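Working notes for the structure below.
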Amino acid sequence: MQQPPWHSLDLNEVWARLASQPAGLSSAAAAQALRVHGPNALPEPARRSALRRWLGQLDNVLIYVLLAAGVITALLGHALDAVVIFAVVLINAQVGFLQEGRAEAALHGIRSLLTREALVLRDGQRQSIAAEQLVPGDVVLVQAGDRVPADLRLIEAYQLLADEAALTGESLPVEKSATPCAPDTALAERRSQLWSGSLLRRGQGLGVVVATGPAAEIGRIGQLVAEAHSLDTPLTLALARFGRQLALATLLLALLTFAVGRLVHGLPADELFIAVVGLAVAAIPEGLPAIVTITLALGVRRMAAQRAIVRRLPAVETLGGVSTICTDKTGTLTRNEMTVRALLTAEGDYQLSGLGYAPHGGLSDAQGRLGMPPVAELIARAALLCNDADLREQDGEWQPVGDPTEAALVVLACKLGLQPAYEREACPRSDVIPFDPEHRLMASLNHDHAGHGHIWLKGAPEQVLPRCERAWQSGGAQPLQLDAWQARANILAGQGMRLLALAMRSTAQRELSFADLDEGFVLLGLVAMQDPPREEARQAVAACQGAGVGIKMITGDRPDTALAIARELGFARNGRVLSGQQLDALPAADWPLAVQETEVFARASPEHKLRIVAALQAGGAAVAMTGDGVNDAPALKQADIGVAMGQKGTEAAREAAGMVLTDDRFDTLVAAVREGRVINDNLKKAIRFILPTNGAEALVLVAAVLLGMQLPISAVQILWINMITAVTLALALAFEPPEADVMQRPPRPASAGLLDGFLLWRVLYVSVLIAAAAMGLFHWELARGMSEAAARNAAVNVLVAGEIAYLFNSRYLRASALGGHVLRGNPAIWWVLAALIPAQLLFSYWGPMNRLFEVAPLDLAAWARIGLLAAGVFIAVECEKALGRYWQAMRS
């Protein structure tokens, strides 16, 4: 339901619409309202039963193919292999089951922000009630340290400062006032309202409840989280497509093979049935899901070591295909710590070193020379004494106590050489005019112990400069050049800086009133502050750009501030910014182009973030969304991969995301993208290895039936090859180190499947090579008088040897594997071979294995031919890769 514009209504109209009054509701009216509006809580989402969630993990074509392989294997009497196949299915189902339900967890995270108790006026009396019992029309009292229990329209506000960063994206705490705002005021600028779940940093207030539970702003965001479409990852989509294609292709090939064998060659139906079963077993890469799961799990472990915690396995692979990162500004690209960056005095402009709240740093002039202007001590004293904040060191970290902006001024004073405790004792405060959002200034009257008094004034330049007649210069006060100061201020404001003017006036009075602030002040200087970019974020942005990954900043902050930060980080060169109001005015048809061309979005609401991510996805982008606030949660869930900040992020953001950065560093995300690309490469290598080897096994059977020849291998022997070689050898590729150009390539297209044109060619080429070697050696051995059992043993071993040779080809997607480097860099290959070769020798020579698989031992001459054929496979594949590189170079 659309809410009235509470922020712009006169209080009399507010009372009328809510049927309330300044003394609050009566108990009877509150009870009736509770029945109408319901409790002030977010509704629990409908949940599927555990059994339905678990069974849902089996609803996948590739799983059906695996189950069919298991059934066929069981029917063949190969119970151990059937158990292995079914175990793969169960493990995959259990992993998916444990990671189900992100939406419910995200909603729980948002519900945890709601406060439990509220102080209200009921029947004209103060009462403490459960926050769930609040209803529209209740009058609520709030103060510093409280979490706002519902959406409130302020009636009274005294120095009220609200931290709304998690909800609106506003980087600074917001001064609140009971004065109505304009009807079209953006959410982050509605000073007359408090939002449920926000935290009060300072002051006291009285407000009337205008929305509760799902109707409140935080409830609306919770609804967006619930409704956001959680996309399947490119990997899961590609596997699903591949499963359907493979199932259809296997069925058609089996029917064709059966028909040709029966109708053309007149082979017995029972013999053909065994061959078709063997074909199905050969064509189904039953180890592929296990390889995918293990590869992703290894990636998760490596990412965790780099402080990136992955909450869903497929999200690891998604990172490798990310083409656009939509990032929040506050706390993600910036430190979320106000810092004075520059000092403007009559003597010149100065830069201040040091970031955050640590009181370490100093001044340097435009030429980079260190030094202090004569007025520095007075500026430091004004910043310190006209101030209610302080600093506290805890566990080696400096934390602000009070308003972050005022804490930044305390840091400035420390950097300029003052000691806060000493100065406050030497010049205690006699009177104060607190900061007033209407006048946007603060004044403090202080006297030293000799009785000398000074009024220290700080505030917005447009409020302080007109009250100044002179400016401090060269040790004395000189006439103020107002236009020049305003021009200098405008330059810094255009760079996204927040400016405060500091001034002073000597006085003998002991009390302070607004009339004392009208004139006669001496301007000391202007301080420019900013929530500075993270240093590591600059390098991370550059790395993303080098990897072809676009950056979009989506923030609730001001347009000029957002653009300044973006430019400082190295993107948004075109200077285009779209605000939330401008986005609302855009026709739906213009959104795709606007989103594509714009890199900075300011004053963005949760709906805007959600629509921006969806528009990028509709354009084919694979989107990573970073954020730390409740307002980021819907977009985090909508994105292909949501990335939440683990230290300063809200629980709602963490639960909605697929990955959490435990150190809140943007460069950790870049490291995760790199790891995702490595995993992507290794999955490609494993798939490019598994499919041709399975194809070779299937081609041996198909060719034998179509040519009316004797089967070189049996279905049981194919199962042995698949379980002992294909899975183990492919697993070694999961440990491959990154290739040199992993972060110099463009992202993989989101629509790319497992089977592209090149892979289809490679499958066919390698399948023919290995299948030809197996069939040729089988008939060679028969021709030289070997038994059928020995010939089949030779065929099985040449298939295994060919797969081992092709494993070394597969270590490099494009580069040559010729040279000693192919033997180094991946110890897992040698561990796998150390286990596989003895197993294959047992298969070939141990009596019980010979009887089980119907094979006979080989002589040395057969092994020599097997080795030569395997080497031939390796050389042939390397020649094909070399031709591919040459062709690509010619085209470029």
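Sequence positions in the sequence shown follow the numbering used here and run 132 to 1023.
Glycine included, each C-beta is placed from N, C-alpha and C at the ideal position.
In this text, all values refer to a predicted model and were calculated from it rather than measured experimentally.
Through-space distance from residue 726 to residue 719, alpha-carbon basis: In the sequence shown, counting from the first residue as 1, residue 719 sits at position 588. In the sequence shown, counting from the first residue as 1, residue 726 sits at position 595. Straight-line Cα distance between these residues: approximately 11 Å.
message: Rounding to the nearest angstrom, what Cα-Cα distance links residue 657 and residue 628 in this structure?
response: As a working mapping, residue 657 is identified with position 526 in the sequence shown. As a working mapping, residue 628 is identified with position 497 in the sequence shown. When rounded, the distance between both Cα atoms is 11 Å.
query: For the 8 Å Cβ check, are there 3 or more pairs between the segment 491-503 and the segment 512-519?
result: no
field: Supposed contact pair residue 311 and residue 570 - C-beta distance, whole angstroms, cut 8 Å
entry: Position 439 of the sequence shown, counting from 1, holds the residue named residue 570. Position 180 of the sequence shown, counting from 1, holds the residue named residue 311. That pair is no contact at about 17 Å.
query: With DSSP run on the structure shown, which of helix, strand or coil describes residue 87?
result: This structure leaves residue 87 out entirely; the chain is present only between 132 and 1023.
- prompt: So, using beta-carbon positions, are residue 963 and residue 814 closer together than 8 Å?
  reply: The residue labelled residue 963 in the question sits at position 832 within the sequence shown. The residue labelled residue 814 in the question sits at position 683 within the sequence shown. Against a cut-off of 8 Å, the Cβ pair of residue 814 and residue 963 comes out as no contact.
Residue ranges of each alpha helix (DSSP H) within the segment 432-462, 4 or longer: 444-451
CA nearest to the CA of residue 455, picked from 492, 812, 958 and 755: Counting from 1 along the sequence shown, the entry for residue 455 is found at position 324. Closest option to residue 455, Cα to Cα, is 755.
query: Can at least three beta-carbon pairs, one atom from the segment 547-556 and one from the segment 600-613, be found at a separation below 8 Å?
result: no
query: Is the segment 693-700 touching the segment 645-657 in the sense that three or more CB pairs, one from each, lie closer than 8 Å?
result: no
- prompt: Is the beta carbon of residue 467 sitting closer than 8 Å to the one on residue 458?
  reply: As a position in the sequence shown, residue 467 is number 336, starting the count at 1. As a position in the sequence shown, residue 458 is number 327, starting the count at 1. Not closer than 8 Å, so no.
message: Please classify residue 144 as buried or exposed, where buried requires at least 16 other C-beta atoms within 10 Å of its C-beta.
response: Within the sequence shown, the letter at position 13 stands for residue 144. Classification of residue 144: exposed, given that the 10 Å Cβ count is below 16.
- prompt: Distance, Cα to Cα, residue 916 vs residue 972?
  reply: Here residue 916 refers to the residue found at position 785 of the sequence shown. Here residue 972 refers to the residue found at position 841 of the sequence shown. Using only the alpha carbons, I get a separation of about 22 Å.
- prompt: How many Å lie between residue 397 and residue 933 at the Cα?
  reply: Here residue 397 refers to the residue found at position 266 of the sequence shown. Here residue 933 refers to the residue found at position 802 of the sequence shown. When rounded, the distance between both Cα atoms is 32 Å.
Where residue 599 falls: helix, strand or coil (DSSP): Within the sequence shown, numbered from 1, the residue matching residue 599 stands at position 468. If DSSP states are grouped into helix, strand and coil, residue 599 belongs with the strands.
- request: For residue 592, I'd like the list of residues in its chain whose CB is within less than 8 Å of its CB, leaving aside the five on either flank, ordered along the chain.
  value: What you label residue 592 is simply residue 461 of the sequence shown in a count that begins at 1. So the qualifying residues of the chain are 616, 617, 620, 630, 631, 632 and 657.
field: Stretch-stretch touch, CB-based, cutoff 8 Å, three pairs: the segment 995-1015 with the segment 937-953
entry: yes
- request: Would you mind sorting residue 243 into buried or exposed? The rule is 16 or more other CB atoms within 10 Å of its CB.
  value: Numbered from its first residue, the sequence shown carries residue 243 at position 112. A caution first: residue 243 carries a pLDDT of 49, below 50, which makes its placement in the model too unreliable to give a value.
Cutoff 7 Å; reference residue 248; Cβ partners in own chain excluding five residues on either side: As a first step, residue 248 is located in the sequence shown; it is residue number 117 there, counting from the start. In its chain, beyond the 5 residues on either side, 259, 261 and 262 have a beta carbon closer than 7 Å to the beta carbon of residue 248.
- prompt: Of the residues 612, 636, 539 and 538, which one's Cα is nearest the Cα of residue 577?
  reply: Position 446 of the sequence shown, counting from 1, holds the residue named residue 577. It is 636 whose Cα lies nearest to the Cα of residue 577.
field: For residue 864, the nearest candidate out of 975, 911, 935 and 981 (CA to CA)
entry: In the sequence shown, counting from the first residue as 1, residue 864 sits at position 733. By alpha-carbon distance to residue 864, the top candidate from 975, 911, 935 and 981 is 935.
task: List the DSSP bridge partners of residue 633.
output: The count along the sequence shown starts at 1 and reaches residue 633 at position 502. In the DSSP output, where bridge partners are listed per residue, residue 633 has 589 and 656.
- prompt: Helix, strand or coil: how does DSSP classify residue 1006 here?
  reply: For the purposes of this step, residue 1006 is taken as the residue at position 875 of the sequence shown. In the structure shown, residue 1006 sits in a helix (DSSP, three-state: H, G or I).
message: Which same chain residues end up closer than 6 Å to residue 817 when comparing Cβ atoms and leaving out the 5 residues on each side of it in sequence?
response: Against the sequence shown, residue 817 aligns to sequence position 686. 422, 861 and 864, listed in sequence order.
- request: Mind the definition here: the segment 795-810 touches the segment 422-433 only if three or more C-beta pairs lie below 8 Å; say whether that holds.
  value: Short answer: they touch.
field: Straight-line gap, residue 724 to residue 141 (C-alpha atoms, nearest Å)
entry: Here residue 724 is taken as the residue at index 593 of the sequence shown, counted from 1. Here residue 141 is taken as the residue at index 10 of the sequence shown, counted from 1. For residue 724 and residue 141, the distance between alpha carbons rounds to 40 Å.
- request: Put residue 906 into one of helix, strand or coil per three-state DSSP.
  value: Reading the sequence shown from its first residue, position 775 is the one you call residue 906. Residue 906 falls in the helix class under three-state DSSP.
query: Run through DSSP, which three-state label would residue 518 get?
result: As a working mapping, residue 518 is identified with position 387 in the sequence shown. Here DSSP, grouped into helix, strand and coil, assigns residue 518 to coil.
- prompt: Does DSSP put residue 287 in a helix, in a strand, or in coil?
  reply: Counting from 1 along the sequence shown, the entry for residue 287 is found at position 156. DSSP places residue 287 in strand when its eight states are reduced to three.
Short Cβ contact (8 Å threshold) for residue 450 with residue 772: On the sequence shown, position 319 is the one that residue 450 refers to. On the sequence shown, position 641 is the one that residue 772 refers to. Contact annotation: residue 450 and residue 772 have beta-carbon atoms nearer than 8 Å.
task: Could you please give me the residues that DSSP links to residue 683 through a beta bridge?
output: Residue 683 sits at position 552 when you count from the first residue of the sequence shown. Beta-bridge pairing links residue 683 to 457.
Identified DSSP bridge partners for residue 252: Start at 1 with the first residue of the sequence shown, and residue 252 comes out as number 121. Partner(s): 257 and 270.
task: Would you kindly report the start and end of the unbroken alpha helix (DSSP H) that includes residue 941?
output: Indexing the sequence shown from 1 puts residue 941 at position 810. From DSSP, the alpha helix (DSSP H) with residue 941 extends over 919-941.
query: Rounded to the nearest angstrom, how far is the Cβ of residue 777 from that of residue 446, given a contact under 8 Å?
result: One-based indexing of the sequence shown puts residue 777 at position 646. One-based indexing of the sequence shown puts residue 446 at position 315. Their Cβ separation, rounded to whole angstroms, is 15 Å, which puts residue 777 and residue 446 out of contact at 8 Å.
- prompt: For the putative contact between residue 1000 and residue 899, defined by C-beta atoms under 8 Å, what is the C-beta separation to the nearest angstrom?
  reply: Within the sequence shown, numbered from 1, the residue matching residue 1000 stands at position 869. Within the sequence shown, numbered from 1, the residue matching residue 899 stands at position 768. Contact doesn't hold; Cβ gap of about 13 Å is too wide.
Sequence ranges, alpha helix (DSSP H) only - wholly within the segment 820-878, length at least 4: 846-852 and 858-864
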